[in-house]
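**Student:** There's a structure below that I have some questions on.
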Amino acid sequence: MTIRLLGTGRCMPPTVLKNSEFVKTLDTSDEWIVKRTGIRERRIAKNETLLDIALGAARKAIENAPKRNGEDFPVDAVIATSATQEYHFPPLACQIGTALGLDGPFCMDVGATCSGFIYGLDAAAHYLNAGSAERVLVVSAEKLSALTDYTDRATCILFGDGAAAAVVSKGDKPYTSHLGCAPDTENCLYARAGEKLVMKGSGVYKFAVTVAPKAVEAVMKKASLTPGDIDWFILHQANIRIIESVIDRLQLDPAKVPITLDHYANPSSATIPLTLDLMREDGRLKPGQRILMLGFGAGLTYGASIMEV
Ligand code: UT7
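Printed below as a string of structure tokens:
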């Protein structure tokens, strides 16, 4: 299979919630949060709906994709990912399609929590390579603040809101993926309908540090590549210590592992496209570079993929 990244975009709500805010109501400190997680601040969608931020990201990704005959080329499909849906239905992807004025493209949601973007992109790759679509918009949008219990110091510090999107087409460079699910026998991370999220942090942590290096190794093996062949390792931004453990375990060059959780914390499935978009904007991500992306989260889901940008 092949895939080509045509455009990316993000919409991060303007309200910044710094660690110092938590100190006012909880028994915590900026020092504890930074040391245990690497997070300094996060964005919160105070006045924006999930659709507002999803649309903002979608429009920018479409704008940034190459035009055809001077016009935005309409996408053939919209795939949305969100662990924090505001509606049981219609699907977020259909809401995005309606708001963009699309009439015809198929629109669907892919639910894979924090691995959502990797799964959404993988679905896009399959549709593109089967010839079912020419350009797919993948949008990952999250409003974790709506599900967060701000009296629980062990979870509220970790999450943030935000949306990011990518427009992809079939390409001429190989795309490889490795997706999986592990049983969550201890109910480590869940949110029942209408209730706040519940997490056993140490359980998620153990799962992440075990599965992350294995998934990275598995996708590199499938693609017959080694760490030296990869320009960027774009890892889900959950906790700096999880990222550092992957770096240690696989002896990766830390300079190849971008960090965005310091300013944006963990907006679930949006962390990976957000990092991609920030890197495209600041020029770090250059055409022809090979990236490896890794997501993991509630489910327990995980997924890794390799593509050239
Ligand atoms: O996308 C996936 C989403 N979820 C995750 O990635 C979560 C992964 N897990 C983690 O990131 C870490 O487990 C946490 C950051 C949640 C917790 O860090 P930890 O080093 O595993 O701490 P711990 O759970 O072992 O707790 C150590 C202590 C406890 O106090 P006691 O029982 O030893 O007195 C906690 O109550 O730290 C306490 N604690 C805090 N103290 C100050 C927990 N949260 C805080 C806090 N400030 N915010």
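Under the numbering used here, the residue at position 108 of the sequence shown is numbered 106, and the numbers go up by one with no gaps. Note that beta-carbon positions come from the ideal geometry of N, C-alpha and C, so glycine has one too.
Whether or not the segment 153 to 172 and the segment 50 to 59 are in contact is what I'm after, with contact meaning three or more pairs of Cβ atoms, one per stretch, closer than 8 Å; do they touch?
**Tutor:** yes
**Student:** Would you tell me roughly how many angstroms separate the C-alpha atoms of residue 208 and residue 185, rounded to the nearest one?
**Tutor:** 17 Å
**Student:** Is residue 115 a contact residue of the ligand UT7, with contact defined as CB to any heavy atom under 8 Å?
**Tutor:** no
**Student:** For the ligand UT7, is there a heavy atom less than 8 Å away from the beta-carbon of residue 130?
**Tutor:** no
**Student:** Should residue 141 go down as buried or exposed, given a rule of 16 or more other Cβ atoms within 10 Å for buried?
**Tutor:** buried
**Student:** Mind the definition here: the segment 139 to 156 touches the segment 278 to 292 only if three or more C-beta pairs lie below 8 Å; say whether that holds.
**Tutor:** no
**Student:** Going by other Cβ atoms of all chains shown within 10 Å of its Cβ, with 16 needed for buried, is residue 64 buried or exposed?
**Tutor:** exposed
**Student:** Report whether the distance from the Cβ of residue 197 to the nearest heavy atom of the ligand UT7 is below 8 Å.
**Tutor:** yes
**Student:** What distance in whole Å lies between the Cβ atoms of residue 110 and residue 308, which are believed to be in contact at a cut-off of 8 Å?
**Tutor:** Since the first residue shown for the chain is -1 and the last is 307, residue 308 is missing from the structure and cannot be characterised.
**Student:** Ends of the alpha helix (DSSP H) at residue 91?
**Tutor:** 90 to 98
**Student:** Going by DSSP in three states, residue 172 sits in which element: helix, strand or coil?
**Tutor:** strand
**Student:** I'd like the span of the beta strand (DSSP E) that includes residue 245, first residue to last.
**Tutor:** Note, residue 245: premise wrong, no beta strand (DSSP E); alpha helix (DSSP H) at 238 to 248.
**Student:** Please state whether DSSP places residue 214 in a helix, a strand or coil.
**Tutor:** helix
**Student:** May I ask you to check if the CB of residue 300 is nearer than 8 Å to at least one heavy atom of the ligand UT7?
**Tutor:** no
**Student:** Where does the unbroken alpha helix (DSSP H) through residue 257 begin, and where does it stop?
**Tutor:** No alpha helix (DSSP H) contains residue 257, which DSSP labels as neither H nor E.
**Student:** For residue 176, is the classification buried or exposed, using 16 other Cβ atoms within 10 angstroms of its Cβ as the cut-off for buried?
**Tutor:** buried
**Student:** Locate the alpha helix (DSSP H) running through residue 57, then write down its first and last residues.
**Tutor:** 48 to 62
**Student:** In the DSSP output, which residue or residues are listed as bridge partners for residue 291?
**Tutor:** 232 and 303
**Student:** Please find out if some non-hydrogen atom of the ligand UT7 comes closer than 8 Å to the beta-carbon of residue 200.
**Tutor:** yes
**Student:** Leaving out five residues on either side along the sequence, give the residues of the same chain with a beta carbon under 6 Å from the beta carbon of residue 131.
**Tutor:** 74, 75 and 125
**Student:** Considering only the alpha carbon of each residue, which of 104, 84, 32 and 82 lies closest to residue 92?
**Tutor:** When each option's Cα is compared against that of residue 92, the closest is 104.
**Student:** Consult DSSP for residue 20 and reduce its assignment to one of helix, strand or coil.
**Tutor:** helix
**Student:** Might you give, ordered along the chain, the residues of its own chain that have their beta carbon closer than 7 Å to the beta carbon of residue 206, omitting 5 neighbours on each side?
**Tutor:** For residue 206, same chain residues with a beta-carbon under 7 Å away, outside a window of 5 residues either side, are 236, 240 and 294 in chain order.
**Student:** Residue 104 bridges to which residues according to DSSP?
**Tutor:** 75
**Student:** If you run the structure through DSSP and keep just helix, strand and coil, what is residue 140?
**Tutor:** strand
**Student:** Under the criterion of a Cβ to heavy atom distance below 8 Å, does residue 15 qualify as lining the ligand UT7?
**Tutor:** no
**Student:** Going by C-alpha distance, which of 39, 243 and 221 is nearest residue 20?
**Tutor:** 39
**Student:** Does at least one heavy atom of the ligand UT7 sit under 8 Å from the Cβ of residue 185?
**Tutor:** With a cut-off of 8 Å, the C-beta of residue 185 is classified as distant from the ligand UT7, since no heavy atom of the ligand falls inside that distance.
**Student:** For residue 106, which of 97, 118 and 113 has the nearest alpha-carbon?
**Tutor:** Measuring from the Cα of residue 106, the nearest candidate turns out to be 118.
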